[in-house]
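Scroll down for the structure; my scribbles are underneath it.
Protein chains: 2
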Amino acid sequence: METLSVACEACPVRNKAICAALSGPELSGLRQIRRHQFIPAGQTLVWEGDDAFVVASVTAGVLKLTKSLGDGKEQIVGLAFPADFVGRPFHDKTMSTVTALTDTEVCVFRREDFDNFAREHPELEHKLLERTLAELERAREWMTRLGRKTASEKVSSFVLDISERLSAETCHGSTVLDRFELPFGRQQVADILGLTIETVSRQMTSLKRQGLIGLSGRRTIQILNREGLAKAAES
Amino acid sequence: METLSVACEACPVRNKAICAALSGPELSGLRQIRRHQFIPAGQTLVWEGDDAFVVASVTAGVLKLTKSLGDGKEQIVGLAFPADFVGRPFHDKTMSTVTALTDTEVCVFRREDFDNFAREHPELEHKLLERTLAELERAREWMTRLGRKTASEKVSSFVLDISERLSAETCHGSTVLDRFELPFGRQQVADILGLTIETVSRQMTSLKRQGLIGLSGRRTIQILNREGLAKAAES
DNA sequence: GCGAAACATTGACCTCAATCAATTTTGACC
DNA sequence: GGTCAAAATTGATTGAGGTCAATGTTTCGC
Chain A
1 METLSVACEA CPVRNKAICA ALSGPELSGL RQIRRHQFIP AGQTLVWEGD
51 DAFVVASVTA GVLKLTKSLG DGKEQIVGLA FPADFVGRPF HDKTMSTVTA
101 LTDTEVCVFR REDFDNFARE HPELEHKLLE RTLAELERAR EWMTRLGRKT
151 ASEKVSSFVL DISERLSAET CHGSTVLDRF ELPFGRQQVA DILGLTIETV
201 SRQMTSLKRQ GLIGLSGRRT IQILNREGLA KAAES
Chain B
1 METLSVACEA CPVRNKAICA ALSGPELSGL RQIRRHQFIP AGQTLVWEGD
51 DAFVVASVTA GVLKLTKSLG DGKEQIVGLA FPADFVGRPF HDKTMSTVTA
101 LTDTEVCVFR REDFDNFARE HPELEHKLLE RTLAELERAR EWMTRLGRKT
151 ASEKVSSFVL DISERLSAET CHGSTVLDRF ELPFGRQQVA DILGLTIETV
201 SRQMTSLKRQ GLIGLSGRRT IQILNREGLA KAAES
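Same order as they appear, the protein sequences are chains A and B.
For the first sequence, UniProt numbering assigns the number 1 to the initial residue and increments by one for each residue that follows.
For the second sequence, UniProt numbering assigns the number 1 to the initial residue and increments by one for each residue that follows.
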């Protein structure tokens, strides 16, 4: 629970996160209720079902949002990259667990403080609304993937999707990276796609054999034929 | 495209929809840009991929939000009941098709008009934000169902879920109905759960044989053992 | 570098749900 | 009530992906 003291002005997501809605005096109001915090990989920020004490804005790293079923199985229901917002304001229960996949830095707020502040700053709420609408859209896209795609289609579309999100993150402008490192292992890919680790592995190998992707090490993927991969992701 | 002229004051969802945030003069401002519209069952309000010209608040009936895959298959990614909001404000593309399942009445706004009005009425945006956050939560719940549940678990949890939403709709307060009529046929249940129509049918029959539910006619379901059904929905 | 543990891949087999193919039921209309 | 088309059910079979088990690879601590 190390608290860092980074100035908002120097924040890597200053212009993308919801706080971009604020300037000058308003920003320092927000700063007074936030706590900049480092979360090491693997550590959990909030637990499913707990009272929702905090919300947060991600400034570095990647987190996963999960829901667990009765048995041991879990489903990843969302990923949070830098500038994304996690937690549910204006509501007292957290319905998913938030865990750092990589070493992560977040701007944490007591939920109550955040709620009060947000109610007084419509511009902030507006940013949050836009972000939430976008996230809802993404969740629905994800639903079609889970509901109607084959294992091979799931893995193909996942590789494309994650390449885009990682590229956006690393701020290479609109350039989409063709070679990147996954911020998670096979089991987590499986939990994202609603598959088993073995099936993910088999499909990855299959895409590699088809010459669509290259694999090196555990977590590095190279897209060799983006168009072909897009085709594999749809039909 | 029949335009009805119902006063907001008499609106059945006056106190639940986003317009509950407004009163008096503000409400009449909103009324000037809305169009109350009847949509017969089966008709589509907006098409996936189209420019998003309209957003709407549902006042009666049920709509589905769908996404279609490359082949004929479609996935239902959301349902909209009275007081729910459909469409994506502040964004110029609609990413899912909205279709009436039953005869429906909606309060339609030109998206641009709505956007402008909302920006000037933080209370309205706040209501919309809360609603969107709730919908996101629901979508994520739905994702776990799609990703990690067996056919039998899917159907059981679906029956429970829909009984709750229909009960809320019919305004029996907190009473959850044990006998209700589905607003859709088997194919649509299949599209919600990411299954085939045959599998849905078999699972329904199975739940009936286990004495958990009763079926009469095509669309009427009676929950005979809610607790047992909840158990079937989880393990 | 070496060894161990965690992670990933591969193979053999099995199961659940999809597919293909008839019936049967339902409800709308005459 | 009888007729018909649409919808739902039921049955037989297939196949994609899960499960179980063994092997291979990477990474990390020493």
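Just so it is clear, CB atoms sit at the ideal spot from N, CA and C, and this is done for glycine as well.
Here the structure is a predicted model, which means the values were calculated and not measured.
Taking 9 Å as the threshold (beta carbon to beta carbon), is Ala56(B) in contact with chain A?
It does not: the Cβ of Ala56(B) has no partner Cβ on chain A nearer than 9 Å.
Which residues does DSSP pair with Gly214(A) in a beta bridge?
Per DSSP, Gln222(A).
I'd like the list of long-range same chain contacts for Glu130(B), defined as Cβ closer than 8 Å, with 5 residues on each side in sequence excluded.
Here the set comprises nothing.
Between Arg148(B) and Glu137(A), what straight-line distance do the alpha-carbon atoms span, to the nearest angstrom?
For Arg148(B) and Glu137(A), the distance between alpha carbons rounds to 21 Å.
Would you identify the three-state DSSP class for Pro122(B), choosing helix, strand or coil?
Pro122(B): helix per DSSP, three-state reduction.
Going by Cα to Cα distance, which pick from Gly70(A), Val200(A), Phe184(A) and Leu182(A) is closest to Ala190(A)?
Per the Cα distances, Val200(A).
Would Thr144(B) count as contacting chain A if we go by Cβ distances under 9 Å?
Chain A, which has a Cβ nearer than 9 Å to the Cβ of Thr144(B), makes this yes.
Could you tell me the alpha carbon to alpha carbon distance between Gly228(B) and Thr97(B), rounded to whole angstroms?
For Gly228(B) and Thr97(B), the distance between alpha carbons rounds to 35 Å.
Gly78(A) versus chain B: which residues are under 8 Å apart at the beta carbon?
Simply Arg140.
On the CB-based measure, 16 or more other CB atoms within 10 Å of its CB, does Arg111(B) come out buried or exposed?
Burial call: buried.
Taking 9 Å as the threshold (beta carbon to beta carbon), is Lys64(A) in contact with chain B?
Chain B contact via Cβ: absent.
For chain B, is any of its Cβ atoms less than 9 Å away from the one on Ala151(A)?
Not one chain B Cβ lies under 9 Å of Ala151(A).
Using a Cβ-Cβ cutoff of less than 6 Å, which residues in the same chain neighbour Gly78(A) once the five nearest sequence positions on both sides are dropped?
Excluding sequence neighbours, Gly78(A) sits near Leu65.
Let's see if you can read the secondary structure: which residues bound the beta strand (DSSP E) around Gln43(B)?
Element bounds for Gln43(B): n/a, residue is neither H nor E.
To the nearest whole angstrom, what separates the beta carbons of Ala100(A) and Pro40(A), a pair I think is in contact under 8 Å?
Ala100(A) to Pro40(A), Cβ: 7 Å. Contact.
Per DSSP, what kind of secondary structure is Glu2(A) in: helix, strand or coil?
Model confidence at Glu2(A) stands at a pLDDT of 49, short of 50, so the residue's coordinates are unreliable; what they give is reported in the following sentence. Residue state, collapsed to three classes: coil.
Within 9 Å (strictly less), CB to CB, does Ala52(B) reach chain A?
Cβ-Cβ to chain A under 9 Å: no for Ala52(B).
Among residues of its own chain, excluding the 5 on either side of Leu30(A), which ones have a beta-carbon nearer than 7 Å to its beta-carbon?
Contacts found: Cys19, Leu22 and Phe117.
To which residues does DSSP link Val54(A) through a beta bridge?
Answer is Arg110(A).
Leaving aside the five residues before and after Asn225(A) along the sequence, list all residues of the same chain whose C-beta is less than 7 Å from its C-beta, in chain order.
The residues are Gly211 and Leu212.
Would you mind reading off the limits of the beta strand (DSSP E) that contains Ile76(B)?
Per DSSP, Ile76(B) belongs to the beta strand (DSSP E) from Glu74 to Ala80.
For chain A, check one thing: does any of its Cβ atoms lie closer than 9 Å to the Cβ of Glu130(B)?
So yes, Glu130(B) belongs to the interface.
Looking only at its chain, what residues have a beta carbon closer than 8 Å to the beta carbon of Met1(B), apart from the 5 residues adjacent to it on each side?
With a pLDDT of 49 at Met1(B), under the threshold of 50, the modelled position of that residue is not reliable, and no figure is offered here.
Do Thr144(A) and Gln75(B) count as a contact pair if the criterion is CB distance below 9 Å?
Going by C-beta atoms, Gln75(B) is nearer than 9 Å to Thr144(A).
Taking C-beta pairs closer than 9 Å, name the residues in chain A that Lys16(B) reaches, listed in chain order.
Here the premise fails: no neighbours, minimum Cβ distance about 16 Å.
Considering only C-alpha positions, which residue in the set Leu177(A), Glu120(A), Ile221(A) and Lys154(A) is nearest to Gly185(A)?
Minimum Cα distance to Gly185(A) is reached at Ile221(A).
Hey, out of Phe158(B), Glu120(B), Glu26(B) and Gly87(B), whose CA is closest to Asp51(B)'s CA?
That would be Gly87(B), whose Cα lies nearest to the Cα of Asp51(B).
Between the UniProt domain "HTH crp-type" (149-227) of chain B and chain A, which residues of the former have CB atoms less than 9 Å from a CB of the latter, in chain order?
The UniProt domain "HTH crp-type" (149-227) of chain B vs chain A, Cβ under 9 Å: Lys149, Glu153, Asp191, Ile192, Leu193, Gly194 and Leu195.
Can you give me the C-alpha to C-alpha distance between Leu182(B) and Ser235(A), rounded to a whole angstrom?
Cα to Cα, Leu182(B) sits roughly 32 Å from Ser235(A).
Between which residues of its own chain and Arg219(B) is the CB-CB distance below 6 Å, once the five residues before and five after are set aside?
Cβ within range, chain order: Glu181 and Leu182.
Return the CA-CA distance between Ala230(A) and Gly24(B), expressed in angstroms with no decimal places.
Each residue's alpha carbon lies about 52 Å from the other.
Which whole-angstrom value is the C-beta distance of Pro89(B) and Val55(B), which I expect to be below 8 Å?
The pair is a contact, with the Cβ atoms about 5 Å apart (cut-off 8 Å).
What distance in whole Å lies between the Cβ atoms of Glu105(A) and Thr59(A), which are believed to be in contact at a cut-off of 8 Å?
Contact holds; Cβ gap of about 5 Å.
Going along chain A in order, which residues have a C-beta closer than 7 Å to the C-beta of Ser23(B)?
Those do not exist, as Ser23(B) stays about 18 Å from chain A at its closest Cβ, beyond 7 Å.
Skipping 5 residues on each side, what residues in its chain have a beta carbon closer than 8 Å to that of Glu164(B)?
If we look at Glu164(B) and ignore the five residues flanking it on each side, its Cβ neighbours are Val176.
By Cβ distance, which residues of its chain are closer than 7 Å to Glu123(B), with the 5 residues on each side in sequence left out?
Answer for Glu123(B): Ala21 and Leu22, listed in chain order.
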